[in-house]
Every structure is written in structure tokens, then in C-alpha cells.
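Numbering (the working numbering), first residue to last: 47 to 309.
All remarks here apply to the structure that follows.
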């Protein structure tokens with residue numbers, strides 16, 4: 047229902063007392079890329095999502111390697127915990143981050159006061175937003191890394207270590223190049239979904255200068271004039287981005303999209 051509501055509004059020229067708009071326009075799509083609030087939110091989302099992907103790749107490679115290549119006890123539990131963000135509602139996690147920002151060591155008068163401030167006079171939610179985006183999309187990267195490692199023979203890594211390479215160097219020079227397609231696919235999924243993250247964005251970003259795309263869409267929809275039209279156009283742009291990245295990830299993984307998310 048939301049899709050059918052957004053699409054006509056994005057191209058609506060005039061719409062009054064009729065089932066369909068009387069005229070159509072593409073000007074709102076251009077406005078979505080030039081409006082002051084829209085441009086700022088796109089810039090913020092690109093920054094937050096890019097940093098979140100870097101965080102996800104680092105942690106995802108570490109977790110995936112432990113799960114597939116080691117015999118450490120409890121790695122099955124680690125695998126399950128890495129999937130937990132998919133089961134926890136985003137609003138619950140967002141309010142948890144807000145509560146964390148009010149307690150030691152981030153509360154008023156504490157050593158790290160203001161580092162992750164959300165509700166204070168000078169909020170600085172950037173670090174929290176990056177962490178929130180990264181945690182929410184970590185499962186996609188972990189599953190991509192695990193799939194790549196399971197398709198890669200461990201003998202190549204053992205051969206490199208037998209020739210004198212350390213474990214870190216073997217992973218950096220042997221494993222990572224072999225699973226690069228999986229890393230790119232997982233990174234694309236994490237990036238695209240982080241760009242359109244809703245729950246954390248609505249709760250953690252309280253100033254327009256910090257708004258990501260979804261918070262800007264929410265704000266624009268409540269404004270009179272061309273606000274709803276630009277917001278709808280931004281939503282269509284977002285869905286297009288998501289569709290392109292999903293198709294690209296499936297091509298890189300060489301399998302259907304459903305197979306990427308299998309645990």
C-alpha cells in the first residue's frame with residue numbers, strides 16, 4: 047500500500063477529486079536531489095552508511111573466520127549472536143542507545159560526556175548512528191563472509207602459513223582476495239539497507255544538520271507545499287537504490303537472493 051501511495055505522489059502534477067492525477071511531472075525527482083534538507087540528508091546518509099560498512103567488514107571478516115576456520119568452543123553461539131540484530135526490533139535498539147548515552151561513562155559529568163549525546167543541548171549522534179547502522183546490518187556481511195569461506199579451501203591458507211606467512215598475512219593476501227566478491231556483495235547489502243534505515247534514524251537524529259535520508263523524508267512529509275512530493279520522490283530514489291544493490295549483490299554472489307540470507 048505504501049508503494050502505491052508513494053509512486054503517484056512522486057510524479058503528481060495536480061490531483062483533486064479524481065481517482066488518478068490530472069497531470070504528471072518529474073520535477074519532484076529533481077527537487078529530491080536539490081532541496082536543501084534532502085541534499086544534506088543524502089550527504090549524511092552516505093557518510094554514516096560508508097563508515098558502518100567499514101565497521102561491518104572488519105567485524106564480519108573476524109566473526110566469519112572464527113566460525114569457519116577455527117575450532118574454538120562457542121563459535122556456534124557466536125554465529126547465532128551475530129544474527130541476533132535481525133530479530134531485535136529497531137526501535138528497541140534505538141531507545142537502548144538513547145538510554146546508554148545517558149549513563150556512565152557518557153552521561154553528564156562523566157569522562158566521555160557529549161561523545162554520543164542524543165538529547166542534550168548540543169547533540170552529537172554521529173557515532174551512535176554509525177554503530178547502530180553497523181550492528182543492524184552486520185548479519186548480511188557475516189553471512190556473505192561465511193559463504194565465501196565455506197567455498198574456499200583451507201589448504202591454500204595452510205600452504206601460505208607453512209611457507210612462513212603469519213595468519214594475518216595469509217588472510218590478507220590469500221583469503222580476502224578469494225572472497226572479495228562476497229565482501230563486495232555483503233558490503234552492498236549493508237550499505238543499501240543502512241541508507242534506508244528507519245528506526246534508528248528517527249530516534250537518534252534530532253537536528254536537521256544530522257538528519258539521514260529517512261528522517262528527512264519523515265520531516266518533509268509533514269511540511270506544507272511541496273514537502274510530500276519531494277519526500278515521495280526521495281522514497282522512490284531510495285527504492286531504486288535498494289533494487290540496484292540487491293541485483294548487484296545477487297550477481298556477485300552468483301546465486302538467488304534468498305540463498306544469501308540462509309544461515
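Cβ coordinates follow ideal geometry from the N, Cα and C atoms, glycine included.
Let me make sure I understand the geometry here. Which of 284, 262, 124 has the alpha-carbon closest to that of residue 113? For the purposes of this step, residue 113 is taken as residue 67 along the chain shown, with counting starting at 1. Nearest in C-alpha terms to residue 113, of all of 284, 262, 124, is 124.
Please classify residue 149: does DSSP put it in a helix, a strand, or coil? Sequence index remark: in the chain shown, residue 149 carries index 103 (1-based). Of the three classes helix, strand and coil, the one that applies to residue 149 here is coil, per DSSP.
Evaluate residue 297 with the Cβ neighbour count: other Cβ atoms within 10 Å of its Cβ, from every protein chain shown; 16 or more gives buried, anything less gives exposed. For the purposes of this step, residue 297 is taken as residue 251 along the chain shown, with counting starting at 1. It counts as exposed.
Where does residue 226 land, buried or exposed, given buried means 16+ other C-beta within 10 angstroms? Within the chain shown, residue 226 is the residue found at index 180, counting from 1. By the neighbour-count criterion, in which 16 or more other beta carbons inside 10 Å mark a residue as buried, residue 226 falls on the exposed side.
Straight-line Cα distance separating residue 201 from residue 156: In the chain shown, the residue the question calls residue 156 occupies position 110. In the chain shown, the residue the question calls residue 201 occupies position 155. Cα to Cα, residue 156 sits roughly 50 Å from residue 201.
Would you call the stretch 145-165 and the stretch 226-243 touching, i.e. three or more CB-CB distances under 8 Å? Judged by Cβ distances under 8 Å, the stretch 145-165 makes no contact with the stretch 226-243, as fewer than three pairs qualify.
Roughly how far, in whole angstroms, is the beta-carbon of residue 182 from the beta-carbon of residue 131, given that I think they are within contact range, below 8 Å? Counting from 1 along the chain shown, the entry for residue 182 is found at position 136. Counting from 1 along the chain shown, the entry for residue 131 is found at position 85. About 5 Å separates the beta carbons of residue 182 and residue 131, which is inside the 8 Å limit, making them a contact pair.
Mapping DSSP to helix, strand and coil, what is residue 277? What you label residue 277 is simply residue 231 of the chain shown in a count that begins at 1. In the structure shown, residue 277 adopts helical secondary structure according to DSSP, grouped into three states.
For the stretch 113-167, list the alpha helix (DSSP H) runs that are entirely contained and at least 4 residues long, ordered along the chain. Counting only runs of 4 or more, we get 121-129, 136-147.
Can you find at least 3 beta carbon pairs, one from the stretch 195-211 and one from the stretch 171-178, that sit closer than 8 Å? In short, these stretches do not touch, since the Cβ pair count stays below three.
Need the endpoints of the alpha helix (DSSP H) that residue 208 sits in, please. In the chain shown, the residue the question calls residue 208 occupies position 162. Per DSSP, the unbroken alpha helix (DSSP H) holding residue 208 starts and ends at 200-208.
With contact counted as at least three CB pairs below 8 Å, one residue from each stretch, are the stretch 240-257 and the stretch 131-146 in contact? These segments touch.
Could you give the DSSP three-state label for residue 293: helix, strand or coil? Looking up residue 293 in the chain shown gives position 247. Of the three classes helix, strand and coil, the one that applies to residue 293 here is helix, per DSSP.
Backbone secondary structure at residue 189 - three-state DSSP: What you label residue 189 is simply residue 143 of the chain shown in a count that begins at 1. Residue state, collapsed to three classes: helix.
Among 294, 256, 244, 271, the one whose alpha carbon lies nearest that of residue 281: Mapped onto the chain shown, residue 281 falls at position 235. Comparing Cα-Cα distances from residue 281 to each of 294, 256, 244, 271, the minimum goes to 244.
Of the listed residues 240, 198, 209, 238, nearest to residue 224 (C-alpha basis): By 1-based counting over the chain shown, the position of residue 224 is 178. It is 198.
Range of the contiguous alpha helix (DSSP H) that encloses residue 220: Your numbering for residue 220 matches position 174 in the chain shown. Here residue 220 belongs to no alpha helix (DSSP H), and DSSP marks it neither H nor E.
Reducing DSSP to helix, strand and coil, say where residue 265 ends up. In the chain shown, the residue the question calls residue 265 occupies position 219. Secondary structure at residue 265: helix, using DSSP grouped into helix, strand and coil.
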